[in-house]
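Protein chains in written order, with my numbering: chain A, 6 to 406; chain B, 6 to 406. Accompanying notes for the structure given below.
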């Protein structure tokens with residue numbers, strides 16, 4: 006179902022929807038533990054909620070596809086990530102809270118090492134320190150181009166963000182990163198006549214960058230990839246008729262929300278403070294996205310026990326949220342992060358939807374195996390959650406007579 | 006999700022995937038038996054595997070659609086059969102191990118009966134014997150056409166394969182089979198200017214065929230349908246990055262695999278020998294398709310007890326397969342074949358996926374009803390199995406940052 010299908014059905018209602026994302030929720034049995042962390046954790050509040058919810062598991066992108074955080078969140082915001090694809094340059098900008106403007110061209114940059122023949126010997130320049138990165142970004146910031154502003158922002162280690170700002174820029178340029186060593190960087194090739202001017206600017210940037218970095222071995226050159234500009238998508242408000250607020254500690258998650266036109270609040274990395282911010286803004290919005298990061302970090306660290314502890318902490322805080330009496334409360338993750346894989350994974354993500362209008366199922370415990378039997382099924386497309394939230398919030402009219 | 010979506014995500018890994026197809030797996034309760042053959046069979050090995058697998062049922066083509074063997078296998082090979090449609094002429098060629106070349110035009114032929122007015126009285130010429138068919142194909146093989154080679158290969162009873170080989174042939178021709186009696190055969194109509202030449206050749210073939218068969222009543226003419234040439238699809242290796250080997254006793258199944266560019270081994274119709282061939286080739290491929298035919302034949306014969314026996318035989322052999330320690334093992338069928346219907350059916354097909362990275366569900370027994378509660382759900386699209394296999398074999402990168 007396309008986003009546009011919903012538009013004529015949207016109606017106003019005085020109802021509030023909360024989407025609580027426990028990042029990376031969803032795991033696997035680990036070593037000699039037969040239960041996943043969510044199954045092993047003592048979660049009386051989540052279980053009580055599950056018992057009066059409709060439960061299931063969602064597939065954020067598609068079968069077998071491991072979602073990055075960007076696509077994972079787009080899915081649960083209702084934007085099918087196989088349709089709504091965003092370039093790496095834009096994701097990099099979102100990830101450092103950079104306020105990308107319409108018309109800007111963003112690219113992900115790597116410092117790299119070239120040998121005497123100009124061949125790439127290390128695509129990451131030996132993963133230089135973030136301090137060195139900041140110093141070098143300061144140097145690159147001196148570059149001047151005709152008719153375009155150059156912005157170079159340090160990210161971390163060998164990574165930086167390049168933004169070109171000016172008139173008549175286009176993002177359909179090929180990467181300069183050859184994705185291999187022993188060969189020279191590619192020249193940026195324009196894929197359309199519109200992009201010739203931008204390709205000229207990028208060539209100019211690269212020439213000056215090479216000159217400025219020549220004495221900074223191993224970081225004596227840069228590679229660019231994922232040229233992209235802000236997509237022209239329906240905003241969250243246009244798509245769903247909701248005034249949305251994002252409460253998140255990490256820039257990437259605020260960034261995806263801002264990409265859709267939501268307001269954002271930068272929160273401390275503390276679920277309790279995030280819920281206080283939610284209460285503070287309760288009157289001003291219809292939709293609240295609250296992002297809890299810690300549950301994912303624990304998965305990526307491979308720390309099974311710590312993960313259980315953090316899930317139990319989140320469970321403890323749940324009454325603060327339910328006390329606000331949201332009309333619809335969805336609790337889920339943007340992807341699974343099994344401790345055994347120490348990374349995001351393709352496994353479906355547990356989800357519950359609580360509402361006075363939901364049809365409860367037989368699920369009494371919020372866990373991966375229990376949710377298979379839930380009314381949302383074991384493989385709900387992630388982008389179906391938002392239409393379901395709208396329906397349960399009585400914000401959709403009947404389709405057809 | 007389109008095949009093309011996976012391409013940029015493919016990555017190399019030293020992992021092996023086995024797809025074991027028990028043809029026609031999946032049935033119904035039969036007469037006074039309340040269980041399906043798979044439920045009634047004693048299958049300790051399949052059950053133990055199911056207990057550590059993710060289970061479910063898959064729908065090869067679409068809701069209510071009964072798959073032929075071609076589409077059924079395309080689905081479990083990851084090619085959505087509603088998108089990847091192949092003409093009957095090509096399927097007929099695959100079914101008799103004919104080595105169709107790019108540019109060849111294949112059609113399915115029937116011997117038929119015409120009356121004195123040239124009207125069709127029997128579209129199958131009274132189902133002549135296969136011996137008579139072979140004799141008549143020998144006669145038709147004398148036909149010569151300008152600029153094209155004619156190949157006529159006997160299939161069975163009234164059925165044969167016609168292949169035209171030459172330059173500038175096109176397959177967009179209409180059938181000559183009117184699908185009715187009491188009317189004359191249709192003339193082959195070209196659907197494009199490109200196909201005029203081929204239509205001329207086919208008219209020439211039909212005229213000579215009529216002359217040669219005139220004294221062979223009831224088989225005094227032929228009808229042609231499903232003109233088709235080899236499709237231009239991504240190969241299995243391009244689509245999934247896997248070197249694939251098909252081990253099958255019957256030409257049709259090897260044919261579908263060869264259509265996708267897999268290597269093929271003609272095996273005896275004996276699962277034990279097929280598993281020996283699997284072990285022999287274990288080092289040389291990443292993906293193995295092993296096709297067991299007998300389970301389907303028993304269903305088509307309506308023999309409930311024999312089917313149980315053949316499923317139990319397959320179960321006995323399972324340790325030979327699991328001893329090879331495939332990283333991903335999928336066991337399923339290409340369609341259901343209930344003994345009660347004595348034919349392929351639309352019912353979903355039981356499937357299990359075993360891998361160290363799968364999230365086990367609560368299913369402890371490999372049977373139709375038990376699999377409904379599995380983590381793959383009761384209606385997984387068949388073409389989703391391959392992306393899931395790749396993910397569990399750690400052969401897919403994360404999508405997006």
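Beta carbons: idealized from backbone N, C-alpha and C, even for Gly.
Is there at least one Cβ from chain A nearer than 8 Å to residue i's Cβ?
i	result
residue 67(B)	no
residue 15(B)	no
residue 86(B)	no
residue 404(B)	yes
residue 10(B)	yes
residue 370(B)	no
residue 389(B)	yes
residue 54(B)	no
residue 393(B)	yes
residue 206(B)	no
residue 6(B)	yes
On the premise that residue j lies in contact with residue i, defined as a C-beta separation below 8 Å, what is that separation, rounded to the nearest angstrom?
i	j	result
residue 409(A)	residue 253(A)	In this structure chain A extends from 6 to 406, so residue 409(A) is not present and cannot be described.
residue 335(A)	residue 358(A)	5 Å
residue 113(A)	residue 231(A)	5 Å
residue 251(A)	residue 269(A)	5 Å
residue 64(A)	residue 385(A)	7 Å
residue 133(B)	residue 224(B)	5 Å
residue 322(B)	residue 264(B)	Rounded, the Cβ-Cβ distance is 28 Å, inconsistent with contact.
residue 15(B)	residue 245(B)	7 Å
residue 333(A)	residue 22(A)	4 Å
residue 371(A)	residue 52(A)	6 Å
residue 206(B)	residue 167(B)	The pair is not a contact, with the Cβ atoms about 11 Å apart (cut-off 8 Å).
Could you confirm whether any beta carbon from chain B is found closer than 8 Å to the beta carbon of residue i?
i	result
residue 36(A)	no
residue 337(A)	no
residue 380(A)	no
residue 71(A)	yes
residue 107(A)	no
residue 397(A)	no
residue 93(A)	yes
residue 75(A)	yes
residue 42(A)	no
residue 386(A)	no
residue 81(A)	no
Please classify residue i: is it buried, with 16 or more other beta-carbons within 10 angstroms of its beta-carbon, or exposed?
i	result
residue 366(A)	buried
residue 173(B)	exposed
residue 190(B)	buried
residue 185(B)	exposed
residue 13(B)	exposed
residue 41(A)	buried
residue 298(A)	buried
residue 75(B)	buried
residue 407(B)	With chain B covering 6 to 406 only, the question about residue 407(B) has no answer from this structure.
residue 406(A)	exposed
residue 404(A)	exposed
residue 77(B)	buried
residue 397(A)	buried
residue 208(A)	exposed
residue 210(A)	buried
residue 330(B)	exposed
Tell me whether residue i, by its Cβ, gets closer than 7 Å to a heavy atom of the ligand SAM.
i	result
residue 346(B)	The model depicted lacks the ligand SAM and carries no ligand whatsoever.
Are any of the Cβ atoms in chain C nearer than 8 Å to that of residue i?
i	result
residue 99(B)	Of the protein chains in this structure, namely A and B, none is chain C.
Check your understanding: Mind listing which residues of the segment 235-265 of chain B have their C-beta closer than 7 Å to chain A's C-betas, in chain order?
Key -> none
Check your understanding: Which ranges does the alpha helix (DSSP H) cover as unbroken runs of at least 4 residues, wholly within the segment 318-399 of chain A, from first to last along the chain?
Key -> Secondary structure within the segment 318-399 of chain A: the alpha helix (DSSP H) runs of 4 or more consecutive residues, fully enclosed, are 373-377, 390-397 (chain order).
Exercise for review: Check distances from the C-beta atoms of the segment 133-149 of chain A to those of chain B and list, in chain order, the residues that come in under 8 Å.
Suggested key: If you check each beta-carbon in the segment 133-149 of chain A against every beta-carbon of chain B, none falls closer than 8 Å.
Review point. In chain order, which alpha helix (DSSP H) runs of at least 4 residues are fully inside the segment 228-297 of chain B?
Key: 241-245, 256-264, 276-285
Check your understanding: Quick one, which residues of the segment 310-339 of chain A are near chain B if we go by CB-CB under 9 Å, in chain order?
Key -> none
Check your understanding: Mind pulling the beta strand (DSSP E) runs of 3 or more residues that sit fully within the segment 51-129 of chain A?
Key -> 58-64, 110-119, 125-127
Review point. Which parts of the segment 123-207 of chain A are runs of the alpha helix (DSSP H), unbroken and 4 residues or longer, counting only runs that do not cross its ends?
Key: 135-145
Review point. Going along the segment 347-375 of chain B in order, which residues come within less than 9 Å of chain A, judged by CB to CB distance?
Key: 361, 362, 363, 364, 365, 366, 367
Check your understanding: Given a limit of 7 Å on CB to CB distance, which residues of the segment 157-184 of chain A reach chain B?
Key -> none
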